[in-house]
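Remarks on the structure that follows.
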Amino acid sequence: QGIWTTLSQSNGKYKYDYATIPFLAEFFKLSVSSFFLWKECQSSSPPRMTKEWKSVRLYLVPSVIYLIHNNVQFATLTYVDPSTYQILGNLKIVTTGILFRLVLKRKLSNLQWMAIILLAVGTTTSQVKGCGDAPCDSVFSAPFQGYMLGILSACLSALAGVYTEYLMKKNSDSLYWQNVQLYTFGVIFNMGWLVYGDFKAGFEMGPWWQRLFNGYSITTWIVVFNLGSTGLLVSWLMKYSDNIVKVYSTSMAMLLTMVLSVYLFNVRATVQLFLGIVICIISLQMYFMPVHTLVELPQTLPATAK
Numbered sequence: 001q002g003i004w005t006t007l008s009q010s011n012g013k014y015k016y017d018y019a020t021i022p023f024l025a026e027f028f029k030l031s032v033s034s035f036f037l038w039k040e041c042q043s044s045s046p047p048r049m050t051k052e053w054k055s056v057r058l059y060l061v062p063s064v065i066y067l068i069h070n071n072v073q074f075a076t077l078t079y080v081d082p083s084t085y086q087i088l089g090n091l092k093i094v095t096t097g098i099l100f101r102l103v104l105k106r107k108l109s110n111l112q113w114m115a116i117i118l119l120a121v122g123t124t125t126s127q128v129k130g131c132g133d134a135p136c137d138s139v140f141s142a143p144f145q146g147y148m149l150g151i152l153s154a155c156l157s158a159l160a161g162v163y164t165e166y167l168m169k170k171n172s173d174s175l176y177w178q179n180v181q182l183y184t185f186g187v188i189f190n191m192g193w194l195v196y197g198d199f200k201a202g203f204e205m206g207p208w209w210q211r212l213f214n215g216y217s218i219t220t221w222i223v224v225f226n227l228g229s230t231g232l233l234v235s236w237l238m239k240y241s242d243n244i245v246k247v248y249s250t251s252m253a254m255l256l257t258m259v260l261s262v263y264l265f266n267v268r269a270t271v272q273l274f275l276g277i278v279i280c281i282i283s284l285q286m287y288f289m290p291v292h293t294l295v296e297l298p299q300t301l302p303a304t305a306k
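Note that the sequence shown covers residues 1 to 306 in the UniProt record's numbering.
Here's what the structure looks like:
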């Protein structure tokens with residue numbers, strides 16, 4: 001997502017209104033989920049769908065959070081390169097672990113907490129700028145605003161992810177029915193955001209639907225479909241797995257993002273960035289590795305006939 005979003009820029013700016021991207025992505029996800037829900041309803045065993053308002057209204061919260069998060073990530077990528085964005089995004093590991101414990105009452109072992117902390121150390125290490133003999137204005141390679149927006153994006157992502165997992169596993173409703181509820185609110189709120197943007201600008205450029213595709217290119221459409229497809233995949237993960245698997249899976253893309261950023265955007269691959277990624281990979285191994293592979297447990301001696 002970070003690479004395609006950066007490729008869609010022109011001289012570091014967006015030719016299109018990036019608030020339209022989340023709206024179209026939500027519409028895409030709603031269309032796909034509605035189609036699969038319709039297919040389920042045509043089957044011999046209709047899916048379970050809870051339609052009480054007290055259940056439906058719970059999907060308002062993650063829709064608002066995702067609305068803010070999607071717009072924040074576009075703003076973040078105007079300050080930082082895709083590799084930095086990807087690494088900052090992995091701070092959601094720490095916030096997700098904390099919310100796991102507080103909200104979902106999920107217990108993590110001491111080794112898993114150590115792995116999460118190690119991941120935070122790795123992401124910090126990767127941001128240290130090598131100065132050599134030349135003086136440095138800052139040890140960080142991106143503007144301060146970029147890091148603040150990146151941290152905010154990570155916190156919002158963790159909060160939305162944990163809350164969505166709670167909703168997805170709250171009952172045995174059809175995944176596609178749950179998605180339809182979530183993405184319907186998403187379309188409504190993103191549409192409201194576009195209307196607010198028109199109102200704030202005094203409607204100088206006309207209503208949002210008349211300029212919805214202004215400045216769009218093939219790359220921009222790829223950003224839309226990539227964001228929409230990612231949302232659908234995440235919903236499956238929230239239903240059948242958990243947030244830790246999601247964010248650790250995302251962290252595995254860091255190495256590829258770094259290599260592609262060096263090739264596409266002439267980003268210099270520093271030793272610190274490489275070491276940070278290595279530390280993150282070690283953290284990944286520590287989190288999912290069974291304890292008995294790290295510590296030799298005492299063996300019970302077999303009983304003899306004598």
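The beta-carbon is built from N, C-alpha and C at its ideal position, and this holds for glycine as well.
Computed from a prediction, not measured in an experiment: that's the story for all the values here.
Review point. Quick one: is I277 buried, meaning 16 or more other Cβ sit within 10 Å of its Cβ, or exposed?
Key: Position 277 of the sequence shown holds residue 277. Buried, by the Cβ-count rule.
Exercise for review: Please look up how many angstroms separate the CB atoms of A115 and L91, rounded, as I've assumed it's under 8 Å.
Suggested key: Residue mapping note: residue 115 aligns to position 115 of the sequence shown, counting from 1. Residue mapping note: residue 91 aligns to position 91 of the sequence shown, counting from 1. With a Cβ gap of about 14 Å, A115 and L91 do not count as contacting.
Review point. Distance, Cα to Cα, Y79 vs T95?
Key: Against the sequence shown, residue 79 aligns to sequence position 79. Against the sequence shown, residue 95 aligns to sequence position 95. Approximately 23 Å, taken between the alpha carbons.
Review point. Of all the options N71, I93, L30, which has the alpha carbon lying nearest to the alpha carbon of residue 319?
Key: Residue 319 is absent from the structure shown; the chain starts at 1 and stops at 306.
Review point. Which class does V13 belong to by DSSP, given the choice of helix, strand or coil?
Key: Translated into positions along the sequence shown, residue 13 becomes position 13. Note on identity: in this sequence residue 13 is Lys, with Val being the wrong assignment. Residue state, collapsed to three classes: strand.
Review point. Which residues in the same chain as G48 place their Cβ atom closer than 7 Å to its Cβ, once the five residues preceding and following it in sequence are excluded?
Key: The residue labelled residue 48 in the question sits at position 48 within the sequence shown. In the sequence as presented, Gly is not what sits at residue 48; that position holds Arg. S172, D173, S174.
Check your understanding: Among P82, P143, G186, T124, which has the Cα closest to the Cα of residue 308?
Key -> Outside the shown range of the chain (1 to 306) lies residue 308, about which nothing can therefore be said.
Practice item. Within its chain, find whatever has a CB closer than 6 Å to the CB of D133; leave out the 5 residues flanking it on each side and keep chain order. Key: Reading the sequence shown from its first residue, position 133 is the one you call residue 133. The predicted position of D133 is uncertain, since its pLDDT is 39 and thus under 50; a value taken from the coordinates is nonetheless stated next. If we look at D133 and ignore the five residues flanking it on each side, it has no Cβ neighbours.
**Study point:** Boundaries (first-last residue) of the alpha helix (DSSP H) holding H292
**Key:** Against the sequence shown, residue 292 aligns to sequence position 292. Run containing H292: none; DSSP gives neither H nor E here.
Check your understanding: With 16 as the cutoff for other CB atoms within 10 Å, does M168 come out buried or exposed?
Key -> The count along the sequence shown starts at 1 and reaches residue 168 at position 168. It counts as buried.
Point to revise | Close-in-space but distant-in-sequence residues of the same chain around W208 (CB under 6 Å, 5 per side omitted) | key: Residue numbering aside, residue 208 sits at position 208 when the sequence shown is read from its first letter. Only L194, D198 meet the Cβ criterion.
Review point. Do three or more CB pairs link the stretch 19-31 to the stretch 223-231 at distances below 8 Å?
Key: yes
Practice item. Look up A134 in the DSSP assignment and say whether it is helix, strand or coil. Key: Stepping through the sequence shown from its first residue, residue 134 is reached at position 134. Any reading at A134 must be qualified, since the residue scores a pLDDT of 43, below 50, and its modelled position is unreliable; the value itself is stated next. In the structure shown, A134 sits in coil (DSSP, three-state: anything other than H, G, I, E or B).
Review point. Could you check where the alpha helix (DSSP H) with residue 359 kicks off and where it finishes?
Key: Because the chain is modelled from 1 through 306, residue 359 falls outside the range shown and cannot be assessed.
Practice item. Mind reading off the beta-carbon distance from T220 to S8? Whole number of angstroms is fine, and I expect it under 8 Å. Key: To locate residue 220, count along the sequence shown from 1; it is residue 220. To locate residue 8, count along the sequence shown from 1; it is residue 8. Going by Cβ atoms, the distance from T220 to S8 rounds to 5 Å, so yes, they are a contact pair.
Exercise for review: Answer with buried or exposed for G97, where buried requires no fewer than 16 other C-beta atoms within 10 angstroms of its C-beta.
Suggested key: Position 97 of the sequence shown, counted from the first residue, corresponds to residue 97. When all chains shown are included, G97 counts as buried.
Review point. Is the number of C-beta pairs between the stretch 100-107 and the stretch 269-276 that are closer than 8 Å three or more?
Key: no
Review point. Which full runs of the alpha helix (DSSP H) of 4+ residues lie inside the stretch 232-263, going along the chain?
Key: 243-251
Point to revise | L58 versus V187 - alpha carbon distance | key: The residue given as residue 58 occupies position 58 in the sequence shown. The residue given as residue 187 occupies position 187 in the sequence shown. The alpha-carbon atoms of L58 and V187 are separated by roughly 16 Å.
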